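Chemist: Numbering (the working numbering), first residue to last: 110 to 350.
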Ligand code: GLN
């Protein structure tokens, strides 16, 4: 089966090689006999709800976020419609902030967001940097964070996970990321998926469910020895900070 991915602003939102997440999804899909069909969605391109099974947004500096935020906000209705229709989303750091209602950057720029995730972000003075470990529904997830933004979830919103070590959304709430149905937003870079294969498979299964119109499938297990080792190293760094 071909899994159709809409990669939003690959040239602007690609800090810390966030593109690597797509490479991981492509390999893990191929090992199960599926193909990842990636379309780049740039400034001015239309989003056609139903045309993609997964939307991906990477991270970026305030400067890049400012360049894409108005165009992204103009795509808000289509992206929300796609989400309501069961498409999956993965958004990292700067992309995560912009899937919320908006982000006020370090220099006071107000950037509109998609308003898909129930959250808001305002930059603080000190950057929140370092290795981070969180506990999620799919088990531990480890990565690296570097953001000025403090993200506040609405009271009813569900975080992606609870912080075991590191800062997370705001350094205070103990929450990291946000999950709404098949949409996941997180501050974890590194990239995220090479060292967190269970999360990668969860996302693939959600995208496949959209593709088939059925339930998320049980994916055949893979030999994840290297991935597990990468996660152990990353978790160890986070715990040791
Ligand atoms: N520019 C945003 C911030 O500083 C996002 C950073 C990122 O994507 N790493 O909070």
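Just so you know, even glycine gets a beta-carbon here, dropped at the ideal spot from N, CA and C.
Since this is a predicted model, take the numbers as computed values, not measurements.
Would you check whether the ligand GLN has a heavy atom nearer than 7 Å to the C-beta of residue 256?
Modeler: Correct: residue 256 has its Cβ closer than 7 Å to the ligand GLN.
Chemist: When we look at the beta-carbon of residue 140 and count the other beta-carbons within 10 Å, is it buried (16 or more) or exposed?
Modeler: So residue 140 counts as exposed.
Chemist: What is the rounded straight-line gap between the Cα of residue 235 and the Cα of residue 142?
Modeler: Taking the straight line joining both Cα atoms gives about 45 Å.
Chemist: Please report the Cβ distance between residue 300 and residue 129, rounded to the nearest whole angstrom; I am assuming they are in contact, meaning their Cβ atoms lie under 8 Å.
Modeler: With a Cβ gap of about 4 Å, residue 300 and residue 129 count as contacting.
Chemist: Quick check: the Cα distance between residue 148 and residue 113, rounded to an integer number of angstroms?
Modeler: Cα to Cα, the separation comes out at about 8 Å.
Chemist: Let me confirm a value: residue 150 is counted as buried when at least 16 other C-beta atoms fall within 10 Å, else exposed. Which label applies?
Modeler: So residue 150 ends up on the buried side.
Chemist: Looking only at C-alpha atoms, which of 167, 117 and 253 sits nearest to residue 347?
Modeler: Cα-wise, what sits closest to residue 347 is 253.
Chemist: Is residue 124 near the ligand GLN, judged by its Cβ being under 7 Å from some heavy atom?
Modeler: Flag set: Cβ of residue 124 near the ligand GLN.
Chemist: For the alpha helix (DSSP H) containing residue 178, list its first residue and its last residue.
Modeler: First-last of the alpha helix (DSSP H) with residue 178: 171-183.
Chemist: Quick one: is residue 281 buried, meaning 16 or more other Cβ sit within 10 Å of its Cβ, or exposed?
Modeler: Flag for residue 281 reads exposed.
Chemist: Which same chain residues, not among the five before or five after residue 158, have their C-beta less than 7 Å away from its C-beta?
Modeler: Once the five neighbours on either side are set aside, the close Cβ partners of residue 158 are 187, 190, 191 and 194.
Chemist: Can you tell me where the beta strand (DSSP E) holding residue 77 begins and where it ends?
Modeler: No information on residue 77 is available, as it lies outside the stretch 110 to 350 that the chain covers here.
Chemist: If you reduce the DSSP assignment to three classes, tell me which class residue 207 lands in.
Modeler: In the structure shown, residue 207 sits in a helix (DSSP, three-state: H, G or I).
Chemist: Could you tell me whether the region 175-184 touches the region 291-308, where touching means 3 or more Cβ pairs closer than 8 Å?
Modeler: No contact exists between the region 175-184 and the region 291-308.
Chemist: Taking the C-alpha atoms as reference points, what is the distance between residue 131 and residue 304?
Modeler: Approximately 13 Å, taken between the alpha carbons.
Chemist: How far does the alpha helix (DSSP H) with residue 122 in it extend, from its first residue to its last?
Modeler: Taken as a continuous stretch (DSSP letters only), residue 122 belongs to no alpha helix (DSSP H), as it is neither H nor E.
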